[in-house]
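Enquirer: Structure provided below as structure tokens; questions to follow.
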Amino acid sequence: TTTPHPDEAWQFIEYFTSEDVQRRFLLETGYVPSRTDLFNDPELVAEYSYYPDLLGIVQQAVIRPNIAQYSQASDILQRYLSAAITNRMSPERALQSAANETRVLLGRLAS
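For the sequence shown, this note's numbering assigns the number 4 to the initial residue and increments by one for each residue that follows.
Following this line, the structure appears as structure tokens:
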């Protein structure tokens, strides 16, 4: 809303999000589609067979919480997920520890 060229900005958005341009971009990069119709596109699925499985994940995704402590909470979770993935902690213990530490960060009583 602050660009001195709003019409040109909108034209770029329309161009870049068009089906054909998105398909070419995805074939070159393998990024996750921004258009739901492309998750099951035969040409893309031939190259990236996991795209259809990603659609359900994307549809359930939520944005990061808008809290001041987000980056600290993310660091906590990453640390414990790494511990679980590398078998330094059980998944259950890692998630419980991450939850407890995050509660403390957010000023709640750890349970």
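Positions of the beta carbon are idealized from the N, C-alpha and C atoms, including for glycine.
Keep in mind it's a predicted model, so treat the numbers as computed, not measured.
May I have the straight-line CA-CA distance separating Gln47 from Leu58, to the nearest angstrom?
Expert: It should be noted that the sequence gives Leu, not Gln, for residue 47. Using only the alpha carbons, I get a separation of about 13 Å.
Enquirer: Have a look at Phe15 and Pro9 and give me their C-alpha separation to the nearest angstrom.
Expert: 10 Å
Enquirer: For Glu104 and Ile70, I'd like the C-alpha separation in whole angstroms.
Expert: 16 Å
Enquirer: Helix, strand or coil: how does DSSP classify Thr6 here?
Expert: In this structure, Thr6 counts as coil in the three-state DSSP scheme.
Enquirer: Specify the secondary structure class of Tyr83 as computed by DSSP and reduced to three states.
Expert: helix
Enquirer: Where in the stretch 31-90 do unbroken runs of the beta strand (DSSP E), each at least 3 residues long, occur, reported from the N-terminal end onward?
Expert: Within the stretch 31-90, there are no complete beta strand (DSSP E) runs of at least 3 residues.
Enquirer: With a CB to CB cut of under 7 Å and the five nearest residues on each side skipped, what residues in its chain are close to Asp44?
Expert: Arg26
Enquirer: Would you call the stretch 49-69 in contact with the stretch 88-107, where contact means no fewer than 3 C-beta pairs closer than 8 Å?
Expert: With a cut-off of 8 Å, the stretch 88-107 and the stretch 49-69 do not count as touching, because too few Cβ pairs lie within range.
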